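Undergrad: So that we are looking at the same thing, I have put the structure below in structure tokens.
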Amino acid sequence: MAYNQFSFLLLLCFCVLSFSSSIPHPCRKDQSISLLKFKQNFTIDPSDSSCLPKTSSWNVSRDCCSWDGVTCDETTGHVIELDLRCSQLVGKIDSNSSLFQLSHLQRLDLSLNNFSNSHISPEFGRFSSLTHLDLSESYFSGQIPSEISHLSRLQSLRLLSSETDLRLAAHDFKLLLQNLTQLTELDLAGINFSSTIPQNFSSHLTTLRSLSLSNCNLRGPIPESLSNLTLLESLLLAGNTLNGTIPSGMFSQLPLLRYLDLSDNHFSGLLEDFNSNSLQEIDLSNNQLQGHLPNSIQNLYLIGTFPMWLGTLPKLQVLILRLNKLHGSIGTLRNENMFLKLLIIDLSYNAFSGNLPKSLFQCLKAMRIVDQTMKAPTYLGDDYYRDSVTVATKGLELELVKILTVYTTIDLSSNIFEGRIPSIMGELIALRVLNLSHNELKSDIPLSLGNLSEVESLDLSYNYLTGEIPQQLASLTFLAFLNLSHNHLRGCIPQGPQFATFENYSYEGNDGLRGFPVSKGCGNDHVSDTVSGLDDQESDSEFLNDFWKSALMGYGSGLCIGFSIIYMVSTRNPIWLARILLKLDHKIITRRKKMQRLLRNNRRRNNLSIK
15 MAYNQFSFLL LLCFCVLSFS SSIPHPCRKD QSISLLKFKQ NFTIDPSDSS CLPKTSSWNV
75 SRDCCSWDGV TCDETTGHVI ELDLRCSQLV GKIDSNSSLF QLSHLQRLDL SLNNFSNSHI
135 SPEFGRFSSL THLDLSESYF SGQIPSEISH LSRLQSLRLL SSETDLRLAA HDFKLLLQNL
195 TQLTELDLAG INFSSTIPQN FSSHLTTLRS LSLSNCNLRG PIPESLSNLT LLESLLLAGN
255 TLNGTIPSGM FSQLPLLRYL DLSDNHFSGL LEDFNSNSLQ EIDLSNNQLQ GHLPNSIQNL
315 YLIGTFPMWL GTLPKLQVLI LRLNKLHGSI GTLRNENMFL KLLIIDLSYN AFSGNLPKSL
375 FQCLKAMRIV DQTMKAPTYL GDDYYRDSVT VATKGLELEL VKILTVYTTI DLSSNIFEGR
435 IPSIMGELIA LRVLNLSHNE LKSDIPLSLG NLSEVESLDL SYNYLTGEIP QQLASLTFLA
495 FLNLSHNHLR GCIPQGPQFA TFENYSYEGN DGLRGFPVSK GCGNDHVSDT VSGLDDQESD
555 SEFLNDFWKS ALMGYGSGLC IGFSIIYMVS TRNPIWLARI LLKLDHKIIT RRKKMQRLLR
615 NNRRRNNLSI K
């Protein structure tokens with residue numbers, strides 16, 4: 015009996031201990047006080063509606079472990095994570111900030127706030143348990159303290175800056191590289207180094223997966239020791255003054271590399287081979303790469319000066335080689351399984367010559383499919399591609415912050431291509447942008463271009479095209495920009511709902527063209543049935559507008575939207591409405607090129623799954 019009682023008491027104690035251990039420890043009072051003091055140093059800027067003021071939920075009536083952005087250790091009650099990313103904070107962080115009393119922090123994210131040109135305090139070096147530190151885009155300035163190198167457990171360090179002068183001395187850069195040996199992500203984009211990349215920097219960073227040193231005022235060559243970073247998935251070195259040749263064979267030693275951006279540097283010479291089965295994005299624009307490519311790699315077909323072997327990269331979706339000195343003809347592809355997933359190709363502003371590459375267009379399988387079931391635009395890839403590119407569309411150069419899967423583009427403008435436009439281009443029915451301007455193309459515009467039912471921007475200007483404008487182009491209901499100027503076209507301009515919206519500049523420099531909107535008439539067809547129908551509809555709409563305006567005048571500007579809808583319905587002109595909705599649906603946010611490049615690694619951050 016005594017034994018049974020003892021067993022029961024032992025079991026009861028075990029249950030009590032198990033239950034008590036499963037209850038999270040409440041927030042420690044000293045931690046709560048430190049957080050509230052930290053909150054008092056800042057005001058909230060509600061102007062950025064995309065951010066949430068997390069500290070607004072901080073008050074003494076709730077346990078601090080339940081506050082927004084705060085995570086505690088369930089056993090000790092210490093604050094171990096503080097995520098105040100994009101929290102509308104405005105104010106300064108001084109060295110005596112109560113933030114530095116949270117000595118058990120393991121993750122700290124203060125990015126996308128406004129710390130009013132505060133210097134990064136040496137006190138950040140006291141967080142000895144820190145594994146993730148993100149101070150990016152938060153208006154810090156001045157010298158990055160060497161004490162950051164004391165955070166030997168760091169796995170992710172993000173200090174990227176685009177708006178302020180944040181500097182890192184060459185000596186401190188070497189300290190970072192020597193001491194932070196557990197880093198998997200290092201983003202120092204926009205920080206002013208004014209130095210070269212250390213020759214042996216990679217020997218201490220064997221776990222690094224993402225490296226961003228864009229716009230850091232780096233100079234000199236790329237050290238070949240970079241090829242020792244065998245786990246690297248993302249390498250961003252754009253916007254510096256790096257020079258010399260791209261190290262031969264370096265990229266074949268980086269088997270996991272997915273993102274490579276060497277744009278806006280001073281690289282010159284041959285574009286050597288960097289065979290990779292994982293590469294998904296490459297940007298080499300704005301360099302001085304030139305010359306012939308050696309056919310030295312097995313199973314790669316290098317023809318002329320175009321890097322045809324890039325077509326063997328099985329996941330390549332975006333290829334941008336604009337603004338270089340590549341030249342020569344683009345020969346015939348010997349393998350029909352090349353460039354299968356390519357959605358954007360930009361070879362503009364080079365010196366490519368010869369005929370347009372018919373065999374290349376035959377391989378672009380991803381441009382031949384339009385997903386009719388798609389209700390809204392999706393973005394490139396399996397939720398991993400969040401980069402920006404510059405696309406010449408509708409007469410403007412726009413930077414796409416995200417690349418829509420539907421935004422397929424071919425830009426071969428400003429080269430020396432000659433001959434006919436291949437009719438096979440009409441089979442690329444998913445194309446949204448086609449730019450062949452500023453070449454030496456001749457002969458007729460192929461009728462097959464009328465099959466490009468999704469095209470929004472078509473630019474064939476400044477060529478030697480002859481013949482008439484195909485009537486089939488009038489059926490392109492999404493066509494919002496057309497430029498056929500400065501060719502040798504003749505005959506009547508086709509009429510249709512879209513063509514009725516194009517102005518004279520779309521056709522200038524073609525003395526043989528007649529009809530609306532140019533000054534030369536087209537006989538009885540000067541005003542087509544379509545245009546007449548539109549005029550009649552507009553007359554009807556004027557009557558309706560006058561009637562409704564007189565009847566409802568004084569109800570205020572709130573009815574303007576209603577009148578607009580009445581106008582569109584009464585004129586039975588859904589094209590205008592469709593165009594507005596299309597532009598809203600495919601809204602392209604244009605920002606400064608430097609800002610976008612600095613934020614590239616931020617948009618890839620989740621894709622690399624850094625723990």
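Numbering (my numbering), first residue to last: 15 to 625. All C-beta atoms in this analysis are idealised placements derived from N, C-alpha and C, irrespective of residue type, glycine included. All values derive from a computational prediction rather than experimental measurement.
#1: On the criterion of 16 or more Cβ atoms from any shown chain inside 10 Å, does residue 321 qualify as buried, or is it exposed?
#2: Give the straight-line distance between the Cα atoms of residue 237 and residue 211, rounded to the nearest whole angstrom.
#3: With DSSP as the reference, label residue 301 as helix, strand or coil.
#4: Considering only residues of the same chain and omitting the five flanking positions on each side of residue 60, which have a CB-CB separation below 8 Å?
#5: Comparing alpha-carbon positions, which option in 145, 135, 133, 129 lies nearest residue 118?
#6: Whose C-beta lies closer than 7 Å to the C-beta of residue 324 among residues of the same chain, with five residues either side of it excluded?
#7: Go ahead and label residue 263 buried or exposed: buried means 16 or more other beta carbons lie within 10 angstroms of its beta carbon, across all protein chains shown.
#8: For residue 137, which residues from the same chain have a beta carbon less than 7 Å from its beta carbon, with the 5 sequence-adjacent residues on both sides left out?
#9: Taking its Cβ as the centre, do 16 or more other Cβ atoms sit within 10 Å of residue 383, making it buried, or is it exposed?
#10: Can the beta-carbon of residue 250 be found less than 8 Å from the beta-carbon of residue 216?
#11: Between the Cα of residue 255 and the Cα atoms of 43, 231, 273, which residue gives the shortest distance?
#12: Report buried or exposed for residue 534, applying the criterion of at least 16 other Cβ atoms within 10 angstroms of its Cβ.
#13: Using a 10 Å radius around the Cβ and a threshold of 16 neighbouring Cβ atoms, would you call residue 445 buried or exposed?
#14: Residues in the same chain with beta-carbon distance under 6 Å from residue 81, minus the five sequence neighbours each way, listed in chain order, please.
#15: Starting from residue 153, follow its DSSP beta bridges and name the residues at the other end.
#16: Taking the beta carbon of residue 74 as the centre, do at least 16 other beta carbons fall within 10 Å, making it buried, or is it exposed?
#17: With three or more beta-carbon pairs closer than 8 Å as the criterion, would you say the region 147-154 touches the region 82-92?
#18: I need the DSSP call for residue 146, collapsed to helix, strand or coil.
#19: Return the CA-CA distance between residue 484 and residue 206, expressed in angstroms with no decimal places.
#20: Name the one or two DSSP bridge partners that residue 473 has.
#21: Thinking C-alpha only, which one of 243, 271, 185, 279 is nearest residue 260?
#22: Closest to residue 203 by CA distance: which of 462, 342, 180, 184 is it?
#23: Let me confirm a value: residue 520 is counted as buried when at least 16 other C-beta atoms fall within 10 Å, else exposed. Which label applies?
#24: Let's test the definition: count the other Cβ atoms within 10 Å of the Cβ of residue 275 and tell me whether it reaches 16, buried, or not, exposed.
TA: Here's the rundown:
#1: buried
#2: 7 Å
#3: coil
#4: 67, 102
#5: 145
#6: 330, 333
#7: exposed
#8: 109, 114
#9: exposed
#10: no
#11: 231
#12: exposed
#13: buried
#14: 71, 72
#15: Answer is none; residue 153 lacks a bridge partner.
#16: exposed
#17: no
#18: strand
#19: 55 Å
#20: 449, 497
#21: 279
#22: 180
#23: buried
#24: buried
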